[in-house]
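Following: one structure in structure tokens, then a few remarks.
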Amino acid sequence: MVYVVLMIQTLMASGTHIVAKAVVAAVDPVVLTLTRSLIASVAMGGLLYLRGKRPSIARADYKLLLFLSFLVIPINQFCFLFGMKYTVPSHAALLYATTPILVLLFSRVFLGERLAPRKIAGVALGFVGVVIVIFERGLTASMQYVFGNLIIFLGVNAWGLYTVFGRNLILKYGAIGASSATIIVGTMLFVPIGIVPTWNFSFENLPLSNWFQISYLGIVTSVFAYYLWYYAIARIEVGKVAVFTNLQPILTTILAVLVLGQSITAAFIIGGIIAISGVVVAQFG
Numbered sequence: 077m078v079y080v081v082l083m084i085q086t087l088m089a090s091g092t093h094i095v096a097k098a099v100v101a102a103v104d105p106v107v108l109t110l111t112r113s114l115i116a117s118v119a120m121g122g123l124l125y126l127r128g129k130r131p132s133i134a135r136a137d138y139k140l141l142l143f144l145s146f147l148v149i150p151i152n153q154f155c156f157l158f159g160m161k162y163t164v165p166s167h168a169a170l171l172y173a174t175t176p177i178l179v180l181l182f183s184r185v186f187l188g189e190r191l192a193p194r195k196i197a198g199v200a201l202g203f204v205g206v207v208i209v210i211f212e213r214g215l216t217a218s219m220q221y222v223f224g225n226l227i228i229f230l231g232v233n234a235w236g237l238y239t240v241f242g243r244n245l246i247l248k249y250g251a252i253g254a255s256s257a258t259i260i261v262g263t264m265l266f267v268p269i270g271i272v273p274t275w276n277f278s279f280e281n282l283p284l285s286n287w288f289q290i291s292y293l294g295i296v297t298s299v300f301a302y303y304l305w306y307y308a309i310a311r312i313e314v315g316k317v318a319v320f321t322n323l324q325p326i327l328t329t330i331l332a333v334l335v336l337g338q339s340i341t342a343a344f345i346i347g348g349i350i351a352i353s354g355v356v357v358a359q360f361g
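Shown next, in the form of structure tokens:
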């Protein structure tokens with residue numbers, strides 16, 4: 077049953093990149109970030125209400141909460157949606173799949189955790205693959221892909237930092253409590269940035285398909301996929317769960333080819349294999 081749940085979660089997460097690519101063609105990334113975050117905040121609030129538990133954040137954790145909230149919405153989610161405007165879903169999925177090696181690196185830099193030689197080799201290998209993917213089409217062929225990839229990788233770094241520094245908050249308040257608090261506060265932090273363009277945006281002109289896509293990003297990705305992830309982690313070893321994470325770039329690429337007609341280059345395949353190999357070595361080294 078757990079593996080069925082993980083497969084559903086992986087499909088949900090893989091579809092996120094496809095949906096985001098489709099909707100940013102119609103909705104400005106700033107407007108989309110705020111709208112998605114507001115929907116996610118309401119959904120998270122409803123989930124907390126149904127569970128009958130609201131996280132009561134201690135005053136000593138306010139600074140950490142603000143920092144994590146800033147990472148998760150204004151940086152991570154905005155950079156993801158902004159970058160998707162210029163690059164392709166397979167690149168975004170692969171870059172996010174390298175989160176484990178960034179977590180290892182940030183844990184070493186900021187927390188002083190030691191890395192075994194094999195994990196260091198995995199981190200280095202992963203970054204080689206990332207560089208190949210980011211510059212897959214070269215500097216002169218299409219700078220927009222390079223720009224989009226770099227913006228998304230900035231968001232991935234924010235997610236890596238969120239994962240590292242969010243551990244204590246999750247252990248203290250639980251996965252749902254910590255994530256709901258950071259999403260709600262992060263949305264509030266993004267309001268000053270997005271309120272004017274969102275207020276002036278013509279939502280009435282959006283077709284129903286775009287509303288389904290926005291709802292997917294706000295509810296399916298930000299609430300259901302996240303919940304299923306922690307449901308699985310609570311029941312089987314993290315290493316086994318991580319294997320499904322490594323499947324996301326593959327599934328996203330297949331979906332991108334079938335749904336969006338995306339072409340796949342040899343450089344992407346080589347870079348992807350190197351990057352995922354680095355992640356696997358770093359995870360299990």
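Counting in my numbering, the sequence shown runs from 77 upward without gaps.
Even for Gly, the Cβ is constructed at its ideal location relative to N, Cα and C.
Member of the options whose CA lies at the smallest distance from the CA of residue i
i, options, result
"ALA101", "LYS129, ALA343, ARG135 and VAL164", "VAL164"
"SER353", "PRO176, ILE269 and LEU327", "PRO176"
"ASN152", "ALA234, PHE288, GLN220 and ALA134", "ALA234"
"TYR302", "ILE326, ALA119, ILE350 and LEU114", "ALA119"
"PHE360", "LEU191, LYS161 and ARG184", "LEU191"
"PHE182", "GLY205, GLY236, VAL99 and GLN85", "GLY236"
"MET160", "GLU280, ASN276 and GLN220", "GLN220"
"GLN289", "VAL80, TYR79 and ILE115", "ILE115"
"ILE210", "TYR162, ASN244 and ARG184", "TYR162"
"LEU336", "ILE208, VAL80, VAL99 and LEU304", "VAL99"
"ARG243", "ASN322, PHE277 and LEU187", "LEU187"
"VAL222", "ALA257, ALA168, GLU189 and ILE271", "ALA168"
"GLY121", "ALA257, VAL272, LEU147 and SER278", "ALA257"
"VAL80", "PHE146, ARG311, GLN338 and ILE340", "ARG311"
Residue i versus residue j: straight-line alpha-carbon distance, rounded
i, j, result
"ALA197", "ILE269", "40 Å"
"VAL107", "ALA89", "21 Å"
"LEU334", "ILE349", "21 Å"
"VAL326", "LYS97", "The sequence shown places Ile at residue 326, rather than the Val named in the question. Answer to the nearest angstrom: the Cα atoms are 17 Å apart."
"VAL103", "THR174", "28 Å"
"ILE346", "ASN225", "17 Å"
"ILE227", "CYS155", "6 Å"
"VAL199", "GLN324", "19 Å"
"LEU230", "SER113", "19 Å"
"VAL78", "ALA308", "6 Å"
"ILE208", "LEU178", "17 Å"
"LYS139", "ARG184", "22 Å"
"ASN322", "GLU280", "39 Å"
"ILE330", "VAL272", "37 Å"
CB contact flag (residue i, residue j, <7 Å)
i, j, result
"TYR238", "LEU142", "no"
"PHE320", "LEU82", "yes"
"PHE266", "LEU157", "no"
"ALA332", "SER166", "yes"
"VAL232", "LEU171", "yes"
"SER117", "THR263", "yes"
"GLN85", "LEU304", "yes"
"ALA343", "GLU212", "yes"
Supposed contact pair residue j and residue i - C-beta distance, whole angstroms, cut 8 Å
i, j, result
"VAL356", "ARG194", "Actually they do not touch by this definition, with Cβ atoms about 11 Å apart."
"ILE94", "THR328", "7 Å"
"THR92", "LEU293", "7 Å"
"ILE149", "ILE259", "7 Å"
"VAL299", "LEU123", "7 Å"
Do the stretch 125 to 142 and the stretch 251 to 262 touch if we need at least three Cβ pairs shorter than 8 Å? yes
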